[in-house]
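**Student:** Pasting a structure here, questions to come.
Residue numbers (UniProt numbering): 1 to 175.
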């Protein structure tokens with residue numbers, strides 16, 4: 001349980017630092033992404049080691065199924081980030097930093113929680129963008145629809161919610 005709390009602590013620190021940078025400069029530093037990615041891999045490796053010791057070095061399960069069961073959801077968690085990177089390369093208005101951010105968050109959260117986090121972030125950003133557009137149109141500013149918004153600051157509230165959900169699910173199911 002302590003490793004899962006540490007994992008969520010790493011995720012929240014990473015999220016807040018990336019959101020702050022994205023809000024201020026509309027980009028996330030490469031150093032922060034590398035540091036957070038390394039921390040995510042360390043957290044997952046420690047989780048696997050803890051599970052291996054709890055299972056008495058794989059006495060019940062062969063090595064490959066054990067590896068796939070412990071790493072699988074987190075490796076699948078990088079799929080939303082990979083999709084965002086592809087969309088970024090296609091010129092869809094998504095930043096590379098956003099894609100790499102969701103790659104790293106997928107290593108920390110797993111597929112299901114990362115998708116939930118991404119959907120919440122896009123929803124918050126979209127609702128704010130719609131409100132800003134309507135507000136600017138009411139004030140006579142017809143260029144409000146051309147404003148680019150940084151994505152990650154809108155992920156703070158869904159990120160905190162996802163982290164709490166992750167920890168409470170982990171505690172409830174005793175996984």
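Don't be surprised by glycine CBs; every beta carbon is placed ideally from N, CA and C.
#1: If you count every other CB in all the chains shown that lies within 10 Å of the CB of residue 138, and 16 or more means buried, which is it?
#2: Taking its Cβ as the centre, do 16 or more other Cβ atoms sit within 10 Å of residue 89, making it buried, or is it exposed?
#3: Among 134, 156, 136 and 107, which one has its Cα closest to the Cα of residue 120?
#4: What number of angstroms, rounded off, separates the C-alpha of residue 109 from the C-alpha of residue 166?
#5: Can you say whether residue 43 is buried or exposed, counting buried as having 16 or more other CB atoms within 10 angstroms of its CB?
#6: Who are the Cβ neighbours of residue 203 in its own chain at under 7 Å, not counting the five residues just before and after it?
#7: Compute the beta-carbon to beta-carbon distance between residue 18 and residue 28, rounded to the nearest angstrom, for a pair I have assumed lies under 8 Å.
**Tutor:** Walking through what the data contain:
#1: exposed
#2: exposed
#3: 156
#4: 8 Å
#5: buried
#6: The structure shown has nothing for residue 203, since the chain only spans 1 to 175.
#7: 5 Å
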